[in-house]
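Student:
Protein chains: 2
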Amino acid sequence: MDGSVEPLKARRIFLLLKERIGSGDLPPGARLPGEPALATEHGVSRVTIRRALDMLAQDGLIDRRAGAGTFVRTQSPVRPLVADLSNVLSHIVEMGRRTGIRLLSFAYAQPPAAVADALGMKPGERTQRSVRLRLIDGAPFSYLITHVPERIGLTYSEQDLATVPLLALLERSGVTVERATQAIGATLAGPEVAEALGLEIGSPLLSLTRVVYAPSGDGVEHLHALYRPDRYSFEMELTRAGEGEERRWSPVPVSGGRRNAG
Amino acid sequence: MDGSVEPLKARRIFLLLKERIGSGDLPPGARLPGEPALATEHGVSRVTIRRALDMLAQDGLIDRRAGAGTFVRTQSPVRPLVADLSNVLSHIVEMGRRTGIRLLSFAYAQPPAAVADALGMKPGERTQRSVRLRLIDGAPFSYLITHVPERIGLTYSEQDLATVPLLALLERSGVTVERATQAIGATLAGPEVAEALGLEIGSPLLSLTRVVYAPSGDGVEHLHALYRPDRYSFEMELTRAGEGEERRWSPVPVSGGRRNAG
DNA sequence: GCCAATTGTCTTATACGGTAGACAGGTAGC
DNA sequence: GCTACCTGTCTACCGTATAAGACAATTGGC
Chain Y
1 MDGSVEPLKA RRIFLLLKER IGSGDLPPGA RLPGEPALAT EHGVSRVTIR
51 RALDMLAQDG LIDRRAGAGT FVRTQSPVRP LVADLSNVLS HIVEMGRRTG
101 IRLLSFAYAQ PPAAVADALG MKPGERTQRS VRLRLIDGAP FSYLITHVPE
151 RIGLTYSEQD LATVPLLALL ERSGVTVERA TQAIGATLAG PEVAEALGLE
201 IGSPLLSLTR VVYAPSGDGV EHLHALYRPD RYSFEMELTR AGEGEERRWS
251 PVPVSGGRRN AG
Chain U
1 MDGSVEPLKA RRIFLLLKER IGSGDLPPGA RLPGEPALAT EHGVSRVTIR
51 RALDMLAQDG LIDRRAGAGT FVRTQSPVRP LVADLSNVLS HIVEMGRRTG
101 IRLLSFAYAQ PPAAVADALG MKPGERTQRS VRLRLIDGAP FSYLITHVPE
151 RIGLTYSEQD LATVPLLALL ERSGVTVERA TQAIGATLAG PEVAEALGLE
201 IGSPLLSLTR VVYAPSGDGV EHLHALYRPD RYSFEMELTR AGEGEERRWS
251 PVPVSGGRRN AG
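Quick mapping for you: the protein sequence lines, in order, are chains Y and U. Going by my numbering, 178 is the number at position 178 of the first sequence; the sequence numbering is gapless. Going by my numbering, 88 is the number at position 88 of the second sequence; the sequence numbering is gapless.
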């Protein structure tokens with residue numbers, strides 16, 4: 001029933017090296033360790049290393065020259081998108097890049113318990129669940145799953161969601177949002193997300209979960225976002241604040257037109 | 001050299017099911033389809049399904065009862081350690097947990113180009129490179145690679161590094177640190193890191209890169225930290241700040257004894 | 001030109017992920 | 001208690017990914 005099984009170790013090493021290249025750990029032009037070196041380093045045979053390098057070569061990430069070595073190809077494929085802490089892409093306009101949104105799904109249903117709990121909803125209440133894909137210059141970089149209590153979700157249309165920022169929709173509906181909590185973590189891409197983001201299954205993803213609250217304390221939005229780390233990262237500036245023992249790092253607030261150095 | 005490599009199809013299905021559980025598609029308490037059903041559904045053999053379920057069980061996501069079926073477990077296994085934005089574990093003491101540090105390596109050498117660049121060092125200058133493991137209640141949760149310019153590194157000993165926080169060492173040495181930048185992303189665990197953190201190769205990791213600057217603008221510390229996302233996450237609170245078009249989320253500064261709600 | 005190191009290309013043998021099927025023991029419903 | 005379905009465990013077998021090693025061809029430095 002099978003016939004073609006994909007390599008396993010080779011794929012793993014492929015992903016690892018791809019990651020090191022993408023993160024700049026292996027800068028363009030750098031020469032990789034020799035195949036035997038990589039083999040012992042990863043505790044696999046040279047054949048496996050070669051397979052991994054084959055995949056990298058096929059992706060155009062490396063150049064292999066017999067007798068010379070293997071080199072990271074000099075090309076900056078895509079410059080990653082940088083967001084500040086509050087997850088606002090403040091520099092997009094300045095960078096002349098365009099972002100888009102694709103609405104992948106839209107429905108009303110019973111939310112998962114975790115979401116219902118976070119939003120402080122009563123059992124039985126429904127939410128509007130939408131899945132959106134954010135694109136930069138046509139390339140997807142984030143996968144967003146949003147839950148909004150049904151009564152609030154009904155105040156705007158599916159069409160609205162595909163064009164207007166959600167926060168604006170909420171405020172347009174008379175909901176005041178002042179407070180939110182968010183947590184940042186990491187996961188692996190499942191089949192669905194991998195497909196949508198154009199990744200291999202098992203690729204690393206940045207995850208962000210944000211819950212937005214109305215002044216009353218009720219939750220009005222639950223966002224679960226997954227980002228391609230090669231196209232998106234959180235950056236922030238810190239200063240030392242406080243006195244004595246309490247002296248610690250503290251984030252610098254983002255001022256109006258500020259942009260990070262590139 | 002390995003002996004235990006995870007299957008591929010099984011892993012695929014594992015991730016898929018994990019996603020369905022995490023998203024609430026398979027709510028806690030729900031009964032999964034039988035193994036034969038899952039097998040035909042995914043077009044794989046029952047053995048493969050079993051392997052996927054094994055992984056889920058090991059992650060504490062499901063309960064399997066012979067004769068009855070397989071059920072989504074009602075509680076999340078371990079509560080991760082929570083840090084605020086500035087990467088300070090302010091609640092550890094309150095939680096009654098103890099953290100420790102293990103120094104894995106310590107040496108002076110030429111830094112990688114990316115590090116030298118970030119620290120603004122001249123070519124040829126060396127850095128002190130140290131690798132440390134942070135533990136919580138004896139379990140490792142973060143892997144820290146630190147680079148410090150040689151002249152600064154020489155002001156403290158290897159012994160110091162294993163006991164005193166680096167920032168304190170720097171300030172003790174007369175270096176004033178006021179400013180830092182940091183970026184948060186995600187990667188996969190390589191062989192070394194996986195080993196140290198007790199993970200499988202290819203597990204997802206939270207990554208943090210921080211560069212600390214002296215008032216002169218020179219870089220004094222380059223930190224590359226990798227966290228187990230199941231034991232560590234960044235949490236923060238946000239409020240809406242600014243006016244009109246500029247209105248956006250802004251992090252709430254961490255005040256002295258503040259603690260996040262649990 | 002020579003030498004060392006590299007990638008490219010074979011060979012052979014083994015390990016293992018995957019399939020297919022059977023069977024034992026537990027559980028729940030009727 | 002009977003039955004249907006479930007998980008747990010085992011066997012046998014296939015295809016290929018991987019291991020281990022040898023050898024050729026190429027490159028770059030000396």
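Cβ coordinates follow ideal geometry from the N, Cα and C atoms, glycine included. Only a predicted model underlies this, so the values are computations on that prediction, with no experimental measurement involved.
#1: Beta-carbon separation of Thr239(U) and Glu178(Y) under 7 Å?
#2: Strictly under 7 Å for the Cβ-Cβ distance: is Glu94(Y) near chain U by that measure?
#3: In whole angstroms, give me the CA-to-CA distance for Pro251(Y) and Leu61(U).
#4: Measuring alpha carbon to alpha carbon, tell me which of Pro36(Y), Gly29(Y), Gly34(Y), His42(Y) ends up nearest Leu16(Y).
#5: How about Val164(U) and Ala214(U): do their beta carbons lie closer than 7 Å?
#6: Taking the alpha carbon of Leu197(U) as the reference point, which residue from Ala83(U), Ala225(U), Gly22(U), Gly217(U) has its own alpha carbon closest?
#7: Name the two residues that bound the continuous beta strand (DSSP E) containing Asp63(U).
#8: Could you give the first and the last residue of the continuous alpha helix (DSSP H) run that contains Gly153(Y)?
#9: Thr187(U) and Pro27(Y): beta carbons closer than 7 Å?
#10: Could you list the residues in the segment 12-28 of chain Y with a C-beta less than 7 Å from some C-beta on chain U, going in chain order?
#11: What is the residue span of the alpha helix (DSSP H) that Val115(U) lies within?
#12: By DSSP's criteria, Gln128(Y) is part of a beta bridge. Which residues make up the other side?
#13: With which residues is Thr70(U) paired in a DSSP beta bridge?
#14: Which chain U residues sit within Cβ distance under 7 Å of Arg240(Y)?
#15: According to DSSP, is Ile101(U) part of a helix, a strand, or is it coil?
#16: Determine whether the beta carbon atoms of Ser233(Y) and Ala241(U) lie at a separation below 7 Å.
#17: Going by Cα to Cα distance, which pick from Ala194(U), Gln110(U), Gly29(U), Leu144(U) is closest to Gly100(U)?
#18: So which residues on chain Y does Gly190(U) lean against when the C-beta distance must stay under 7 Å?
#19: Under 8 Å Cβ-Cβ, which residues of chain U neighbour Leu205(Y)?
#20: Using a Cβ-Cβ distance cut-off of 7 Å, determine whether Pro251(Y) contacts chain U.
#21: Among Arg231(Y), Glu200(Y), Phe141(Y), Ala113(Y), whose alpha-carbon lies nearest the alpha-carbon of Asp25(U)?
#22: Identify the contact partners of Glu235(Y) in chain U, using a Cβ-Cβ distance below 9 Å as the criterion.
#23: Would DSSP call Val93(U) helix, strand or coil?
#24: Using only the alpha-carbon positions, how far apart do Leu154(U) and Lys18(Y) sit?
#25: Just to confirm the assignment: which complete beta strand (DSSP E) runs, minimum length 3, are found wholly within the segment 165-196 of chain U?
#26: What whole-angstrom Cβ distance do Arg50(U) and Glu35(U) have, given they're in contact under 8 Å?
#27: I'd like the list of long-range same chain contacts for Ala30(U), defined as Cβ closer than 6 Å, with 5 residues on each side in sequence excluded.
Tutor: In terms of the structure at hand:
#1: Here residue 239(U) corresponds to residue number 239 of the second sequence, with the count starting at 1. Here residue 178(Y) corresponds to residue number 178 of the first sequence, with the count starting at 1. Contact flag set, yes.
#2: For the purposes of this step, residue 94(Y) is identified with residue 94 of the first sequence, where counting begins at 1. Confidence is the limiting factor: at Glu94(Y) the pLDDT is only 46, short of 50, which leaves the residue's position unreliable, though a coordinate-based value still follows. No, its Cβ sits nowhere closer than 7 Å to a Cβ of chain U.
#3: As a first step, residue 251(Y) is located in the first sequence; it is residue number 251 there, counting from the start. As a first step, residue 61(U) is located in the second sequence; it is residue number 61 there, counting from the start. Roughly 36 Å separates the two Cα atoms.
#4: Taking the first residue of the first sequence as position 1, residue 16(Y) is located at position 16. When only C-alpha atoms are compared, the closest one is His42(Y).
#5: The count along the second sequence starts at 1 and reaches residue 164(U) at position 164. The count along the second sequence starts at 1 and reaches residue 214(U) at position 214. Their beta carbons are not under 7 Å apart, which means Val164(U) does not touch Ala214(U) by this criterion.
#6: One-based indexing of the second sequence puts residue 197(U) at position 197. Among Ala83(U), Ala225(U), Gly22(U), Gly217(U), the Cα nearest to that of Leu197(U) is on Ala225(U).
#7: Residue 63(U) sits at position 63 when you count from the first residue of the second sequence. Looking at the DSSP string, the run of the beta strand (DSSP E) that includes Asp63(U) is 62-65.
#8: Position 153 of the first sequence holds residue 153(Y). Note, Gly153(Y): alpha helix (DSSP H), 150-153.
#9: Counted from its first residue, the second sequence places residue 187(U) at position 187. Counted from its first residue, the first sequence places residue 27(Y) at position 27. Not in contact: Thr187(U) and Pro27(Y) (Cβ atoms no closer than 7 Å).
#10: Arg12, Leu15, Leu16, Glu19, Ser23, Gly24, Asp25, Pro27
#11: As a first step, residue 115(U) must be located in the second sequence, where it is residue number 115. Run containing Val115(U): 113-119, per the alpha helix (DSSP H) assignment.
#12: Position 128 of the first sequence, counted from the first residue, corresponds to residue 128(Y). Tyr108(Y), Val148(Y), per the DSSP bridge assignment.
#13: Taking the second sequence and counting its residues from 1, one reaches residue 70(U) at position 70. In DSSP, Thr70(U) forms a bridge with Arg64(U).
#14: Looking up residue 240(Y) in the first sequence gives position 240. Chain U residues near Arg240(Y): Val177, Glu178.
#15: Start at 1 with the first residue of the second sequence, and residue 101(U) comes out as number 101. DSSP places Ile101(U) in strand when its eight states are reduced to three.
#16: Sequence index remark: in the first sequence, residue 233(Y) carries index 233 (1-based). Sequence index remark: in the second sequence, residue 241(U) carries index 241 (1-based). Cβ distance not < 7 Å, so Ser233(Y) and Ala241(U) don't count as in contact.
#17: Taking the first residue of the second sequence as 1, we reach residue 100(U) at position 100. Measuring from the Cα of Gly100(U), the nearest candidate turns out to be Leu144(U).
#18: Taking the second sequence and counting its residues from 1, one reaches residue 190(U) at position 190. Scanning chain Y for C-beta atoms nearer than 7 Å to the C-beta of Gly190(U) yields Leu16, reported in chain order.
#19: Within the first sequence, residue 205(Y) is the residue found at index 205, counting from 1. Ordered by position in chain U, the residues that pass the 8 Å Cβ test against Leu205(Y) are Ala186, Pro204.
#20: Residue 251(Y) sits at position 251 when you count from the first residue of the first sequence. Taking Cβ atoms only, chain U reaches closer than 7 Å to Pro251(Y), which makes this a yes.
#21: For this step, residue 25(U) is matched to residue 25 along the second sequence. Minimum Cα distance to Asp25(U) is reached at Ala113(Y).
#22: Translated into the one-based positions of the first sequence, residue 235(Y) becomes position 235. In chain order: Thr181, Gln182, Ala183, Ile184.
#23: The count along the second sequence starts at 1 and reaches residue 93(U) at position 93. Its pLDDT being 46, under 50, Val93(U) is placed unreliably in this model, and the coordinates cannot settle the point.
#24: On the second sequence, residue 154(U) is found 154 positions in, with the first residue counted as 1. On the first sequence, residue 18(Y) is found 18 positions in, with the first residue counted as 1. Their backbone Cα atoms lie some 35 Å apart in a straight line.
#25: If you keep only unbroken beta strand (DSSP E) runs of at least 3 residues inside the segment 165-196 of chain U, you get 179-188.
#26: On the second sequence, residue 50(U) is found 50 positions in, with the first residue counted as 1. On the second sequence, residue 35(U) is found 35 positions in, with the first residue counted as 1. The Cβ separation is near 6 Å, so the contact holds.
#27: Along the second sequence, read from residue 1 onward, the residue named residue 30(U) stands at position 30. Val72.
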